[in-house]
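Asks: Have a look at this one before I ask anything.
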Amino acid sequence: MDTDNSCSGKFRRGGLKTKSLLRLTGLLILLTGAGWAMQRLPPPGVLDSMVALPAGSEAPASEFEYVFSRLAHYSPGFSLSEDGQAWATDYPKADRQFLQGLLRYTAIQGRREEQVLRPMDSELYGFPFLYAVEVGYMQLTDEEATRLREYLLRGGFLLVDDFHGTQEWDRFQRQIRKVFPDREIVDVDASDPVFHCFFDIHELFQVPGLQYLYSGRKYEKDGYEARYAGIYDDNGRIMVMINFNVDLGDAWEWADLPEYPEQYTSMAYRLGVNYIVYAMTH
Amino acid sequence: MGETLFQFLFKYPAVAFERGRMAFASGWPGWLLALLIVAAFAGIGWHLRRSKPQLSKAALGFVWMAQALTISILIVLLWRPALILSTLVPQRNVIGVLVDDSASMALPDGERTRIERVREALGESSPLLSELGENFQVRTFSFSDQPRRLQSMEDLTAQGASSRLEDSIAGVYSELRHLPLAGLVVVTDGAQNIASTTGGDMQEILARKIPIYTLGIGETENSRDIQIDELSLPRTALPDSMISGGVTIRQRGYIGRKAKLEVREGNRLLKSQEIEFGPAPIETVTLNFTPQTIGIREYTVSIYSDSLEEFNTRNNFQSRVVEVREQAAKILYIEGEPRWEYKFIRRAVELDSSLQVASILRTSENKFYRQGIENAAELAEGLPEQKELFEYDGLIIGSLNAAFFSPQQQREIFEFVSRRGGGLLFLGGRYALGEGGYQTSNLADLIPVDLIPAHGMTKLNRARAQFQPTARGAERIQLSDDETLNRENWAALPALGTYQETGEPKPGAVVLGEAVTEQGKRFPILIAQRFGRGRTAIFATDGSWRWRMELDSSNHSHEFFWRQLLSSVVEDTPPFTSIETEKPLYADETRVRFHAQVHDENFEPVNGANAVATIHTPDGRSEELTLQHAVEEDGVFWGEWDAIEPGVYRVDLKATLGEKEIGTGTSFFQRADGILESFSSEQNVALLRRLAEETGGQYYPLEDAAALPEHLTYSPAGVSVPEVRDLWDMPIWLLLLLGLKGTEWTLRKSWKTV
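Line by line, the protein sequences give chains A and B.
End of the first sequence = 269 in my numbering, gap-free, step of one.
End of the second sequence = 757 in my numbering, gap-free, step of one.
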């Protein structure tokens, strides 16, 4: 099935230079507001009004086959928020907006609301898919790393996203080595089933974050090239899917923003759906 | 003792009364006898009434009866009672004496061997044979696999490799049938180990009323013995895949004691486990082990106990040959929605080379994702048509409405099970089973349980429920090769994540596992049944993946469970063309019967096929055998062949129709000598009694054989003359008269009337 997620906004990428100053000013105000909002991350339970679900409208997680689970990791060096909660970046709007697409595209019986899990939560093993962002700031204790390794070896799947540049890569690599000291991170080829289990994705490219709209750069820091990498298990199945220099979370979160280019939104949804279908089939 | 007492009281043995008929030899009319007896009762009664003795009514009645009976007996004796029977004419009749010369006769019986006791009882210096010789012409034979003339008891060797008791009797009868045969005497331990194949001759023996007298030898129960009665292993297995077999152990004198059960592949020890004997004399132990190498392998199961010295240790082991070969059962898994159960079932069997699961998953309304396929064309059109469907050995239907399948597809799935003999497993799910409308579909009969529970709710419950295997389930599904670990793994199994309530199992269905909800409610969740040529099962949950995620990664209970469940679903699916022998091991017998089945690609039998078996002998020769069509069964061919030399034989079948090859099959069997006589060597009294009683003969322990010559003289067979034997002088009459008069006198003395 092909996506029908076409862009309906008035702006197109590359068209900003020709637009009026007024519109640019308006956009800057909007982006400033978004940045402010991101710095003041809502605590769990406070929802973005755009995707807020009426209280109690969604059944408990136990009633669903699939629940989008966001990994709440400790990230002491993360400066964007006051309390250093990097895990909550784009939360919860990105999750919910993505879930709308996932449930529309697929036959998965999924919950429209995400949930947050910490590495040491007793319920961790009941949710074999985890999404983690800003993992360049993630810091795992030895106990957490051991738990995460066990989770993955049992059949869990970890998708990491939204970390950029050499420094964040190095920090992430140090942390993931605590989980798998002896497993290499390898590039995932475009022919891998993960890119074909639902949508056929033949070409992989960088999906930028919202900053692309005001900076005009697809990359952040020195993360010029997107890297789709993974850690495989002994049987050739991906356990950890790594989106480096890619920001699927922003692409989901701002999918309803007309200025955000459709091709990135579409790619982000396609990748996200494929990752989840892959996690539920491999 | 009873027989001797009977003969003392009645003058003749009981058999004489059984064979003869009673009569009065005086020739006087019977009505007169009856009249006199009545008159005696009446006269004595009248006399007693008239004399009015001072006695109570009971005492008077006793005196009346005693005196009347005494007079009556005397009157009866005047009529001269006699026994009219047919007795054999001396030296005009023949008897055949068969002596067991099989290896089991070399076993000890007391301080001597069985064969030594036979030589002593029937040797030239023994009274038994000379007494028989006085009245009969005696023909002696030895037997094991077949009868042979025996000149002297000293020629017995006790080395025969098998005991064909009934066939040997038939063989002797066949040789003596034209002579005036008065009976057959069989001296044996009765340890027959090859069943009779000559029913016709035995029927003739019965029809001619030729009695068989059996003289049993040997202990009826070995005092201390452990025996492997039966070893059941599959004929083929896959490398690194667990073999599940059964070993039946018989013990006597070992209750409460322990023994070590060992499995060896060749000389290499594969498994050792300790068992403790319960009170049951026979118990079956499930045996699970994993083959280590590929090829035709001999597996030996042995059992030993150090606690007591055994009567016979040659029956403590048995071997079977198993072909370990790379061959995977193909399973088609159709799933209606992405779900964790699908993923974890696939992962569980992914590394099992014996199971090849091709799956087709509906990821969205009209989008399907295929996994485990061999080529791009496989399952490209969704659920395959019959011909392609029949190539699979098993089918799994996941969370899919019954309406997903067209009526034609439903019919083909039904045929897949009932006619092709495939295995079908239904899984639970929000669109499955009752919620999927299967109870009103063409597939309803395939479901081994009533899908509507008592309260009418069939919903998939997303709540935890503990899976508890039934005894049958625990037998069929093991969570580890090791018995202790198996028990621990069952106990440690986390609860299922979901369950679907079911109703009552259908007749013939077997409940392998139950779900126990948090409220303590219990109902069947894993149920299996045979259906037509195939099998069906349901596992009414989609939450077993919790076992994988909630158990340590080193615990493989989930994988063990699914591999065995799927194996049990497909293991009996027949190939299109196959050949098999009746049994894997021909111990001490050479006649091998082949049985082949030939079907075309739609699994329709091909009666017109030319089925040729090529038999490869252990010494490298090959022989071809054209099999015959068994007219009573479509697509079935058979043939017989003698495998003389011991060893492993391979059989290749090639079936053709004209120039077209329909299919091939391969099988093998093993021939071995010197095995049977070591097993079940105790005296089989039941068999010996049955043989004797069916033919009108009698069973005796060898030590009581002295009564045999006289009993034989009353044989209903042979040349005989009628004979009248007086019964008036039987001691029992005198004792009765003395008893009656003595009792009367004693009582009357006590009553002071004499």
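The C-beta atom is built at its ideal place from N, Cα and C for all residues, glycine as well.
Does any residue of chain B bring its CB to less than 7 angstroms from the CB of Ile163 (chain A)?
Replies: Not closer than 7 angstroms to any Cβ of chain B, the Cβ of Ile163 (chain A) fails to qualify, so no.
Asks: Starting from the C-beta of Glu240 (chain A), find all residues in its chain whose C-beta is less than 7 angstroms away, skip the five residues before and the five after it, and write them out in chain order.
Replies: Only Asp77, Lys80, Ala81 and Gln84 meet the Cβ criterion.
Asks: Could you check which residue in B:Val573, B:Ala709, B:Gly33 and B:Gly661 has the C-alpha nearest to that of Gln359 (chain B)?
Replies: When each option's Cα is compared against that of Gln359 (chain B), the closest is B:Val573.
Asks: Say whether chain B places a C-beta atom closer than 7 angstroms to the C-beta of Leu28 (chain A).
Replies: Model confidence at Leu28 (chain A) stands at a pLDDT of 37, short of 50, so the residue's coordinates are unreliable; what they give is reported in the following sentence. No, its Cβ sits nowhere closer than 7 angstroms to a Cβ of chain B.
Asks: So, for Leu496 (chain B): in the same chain, excluding its five sequence neighbours on each side, which residues have a beta-carbon less than 7 angstroms away from its beta-carbon?
Replies: Excluding residues within five positions, the ones whose Cβ falls inside 7 angstroms are Phe470, Trp550 and Ser560.
Asks: In terms of DSSP beta bridges, what is Arg253 (chain B) paired with?
Replies: According to DSSP, which records beta bridges pairwise, Arg253 (chain B) is partnered with B:Gln230 and B:Ile285.
Asks: From the beta carbon of Arg141 (chain A), is the nearest beta carbon of chain B less than 7 angstroms away?
Replies: It does; some Cβ of chain B falls within 7 angstroms.
Asks: Between the Cα of Ser310 (chain B) and those of B:Ala351, B:Lys263 and B:Arg422, spot the shortest distance and give me the residue it belongs to.
Replies: Nearest option by C-alpha distance: B:Lys263.
Asks: At a CB-CB cut-off below 8 angstroms, which residues of chain B make contact with Met107 (chain A)?
Replies: What Met107 (chain A) touches in chain B: nothing, since even the nearest Cβ is about 15 angstroms away.
Asks: Determine the closest residue to Val1 (chain B) out of B:Leu63, B:Met245 and B:Arg475, with distance taken between C-alpha atoms.
Replies: As displayed, chain B neither begins before 4 nor continues past 757, which places residue 1 (chain B) out of reach and without an answer.
Asks: Under 7 angstroms Cβ-Cβ, which residues of chain A neighbour Arg238 (chain B)?
Replies: By Cβ distance, chain A contributes nothing, its closest Cβ being about 31 angstroms from Arg238 (chain B), past 7 angstroms.
Asks: Can you pull the DSSP bridge partners for Val327 (chain B)?
Replies: The partner list for Val327 (chain B) (beta bridge, DSSP) reads B:Ala240 and B:Gly298.
Asks: For Thr268 (chain A) and chain B, any beta-carbon pair shorter than 7 angstroms?
Replies: Judged by the 7 angstroms Cβ criterion, Thr268 (chain A) is in contact with chain B.
Asks: Assess contact between the region 686 to 695 of chain B and the region 34 to 52 of chain B, defined as three or more Cβ pairs (one per stretch) separated by less than 8 angstroms. Is contact present?
Replies: Counting Cβ pairs under 8 angstroms, fewer than three are found: no touch.
Asks: Within its chain, find whatever has a CB closer than 8 angstroms to the CB of Glu329 (chain B); leave out the 5 residues flanking it on each side and keep chain order.
Replies: Taken in chain order, the residues that qualify are Leu241, Pro242, Ile297 and Ser356.
Asks: Under 9 angstroms Cβ-Cβ, which residues of chain B neighbour Asn222 (chain A)?
Replies: Those within 9 angstroms of Asn222 (chain A) in chain B are Arg350, Glu353 and Leu354.
Asks: Distance, Cα to Cα, Ser322 (chain B) vs Thr620 (chain B)?
Replies: Roughly 19 angstroms separates the two Cα atoms.
Asks: Are the CB atoms of Arg423 (chain B) and Phe579 (chain B) within a distance shorter than 7 angstroms?
Replies: Result no, Cβ atoms of Phe579 (chain B) and Arg423 (chain B) do not sit closer than 7 angstroms.
Asks: Between Trp23 (chain A) and the rest of its own chain, which residues show a CB-CB distance below 8 angstroms, the 5 nearest in sequence each way excluded?
Replies: Confidence at Trp23 (chain A) is low in this model, with a pLDDT of 41, below 50, so its placement is unreliable and no value can be given for it.
Asks: Closest by CA to Asp170 (chain B), which one among B:Ala161, B:Ile208 and B:Thr473?
Replies: Nearest of B:Ala161, B:Ile208 and B:Thr473 to Asp170 (chain B), Cα basis: B:Ile208.
Asks: What span of residues does the beta strand (DSSP E) with Gly650 (chain B) cover, start to end?
Replies: Looking at the DSSP string, the run of the beta strand (DSSP E) that includes Gly650 (chain B) is Gly650 to Leu660.
Asks: I'd like to know if Tyr118 (chain A) contacts chain B, where contact means its C-beta is closer than 7 angstroms to some C-beta of that chain.
Replies: Output row for Tyr118 (chain A): interface = no.
Asks: For a contact defined as C-beta to C-beta under 7 angstroms, what are the partners of Pro115 (chain A) on chain B?
Replies: Neighbours of Pro115 (chain A) on chain B, chain order: Trp343 and Met552.
Asks: Listing by chain order, which chain A residues have their CB less than 8 angstroms from the CB of Ser556 (chain B)?
Replies: By Cβ distance, chain A contributes Glu137, Leu140 and Arg141.
Asks: State the beta-bridge partners of Ala332 (chain B) as determined by DSSP.
Replies: Its beta-bridge partners are B:Leu358.
Asks: Let me know the secondary structure DSSP gives Met107 (chain A) once reduced to three states.
Replies: Residue state, collapsed to three classes: coil.
Asks: Would you say the region 540 to 555 of chain B touches the region 281 to 297 of chain B, given that touching needs at least three Cβ pairs under 8 angstroms?
Replies: No: fewer than three Cβ pairs fall under 8 angstroms.
Asks: Determine the DSSP secondary structure at Val41 (chain B), reduced to helix, strand or coil.
Replies: Of the three classes helix, strand and coil, the one that applies to Val41 (chain B) here is helix, per DSSP.
Asks: When the distance is taken between beta carbons, is Met226 (chain A) closer than 7 angstroms to Leu127 (chain A)?
Replies: Contact flag unset, no.
Asks: Just curious, the beta strand (DSSP E) that His714 (chain B) is in, first and last residue?
Replies: Counting along the chain, His714 (chain B) falls outside any beta strand (DSSP E), though it belongs to the alpha helix (DSSP H) covering Leu711 to Leu715.
Asks: Which residues does DSSP list as the beta-bridge partners of Tyr215 (chain A)?
Replies: Bridge partners of Tyr215 (chain A): A:Asn230.
Asks: Taking only beta-carbon atoms, is Ser402 (chain B) less than 7 angstroms away from chain A?
Replies: No, Ser402 (chain B) lies away from the interface with chain A (no Cβ there is under 7 angstroms from its Cβ).
Asks: Round the Cβ separation of Ala161 (chain B) and Ala106 (chain B) to the nearest angstrom and send it over; I've been treating them as touching at under 8 angstroms.
Replies: 6 angstroms between Cβ atoms; contact.
Asks: Per the DSSP calculation, Pro387 (chain B) is bridged to which residue(s)?
Replies: DSSP, once it has assigned bridges, lists no residue as partnering Pro387 (chain B).
Asks: Under 7 angstroms between C-beta atoms, does Ala94 (chain A) make it to chain B?
Replies: So, interface residue.
Asks: For Leu179 (chain B), which of B:Arg728, B:Gly742, B:Leu739 and B:Ala720 has the nearest alpha-carbon?
Replies: Here the closest residue by C-alpha is B:Ala720.
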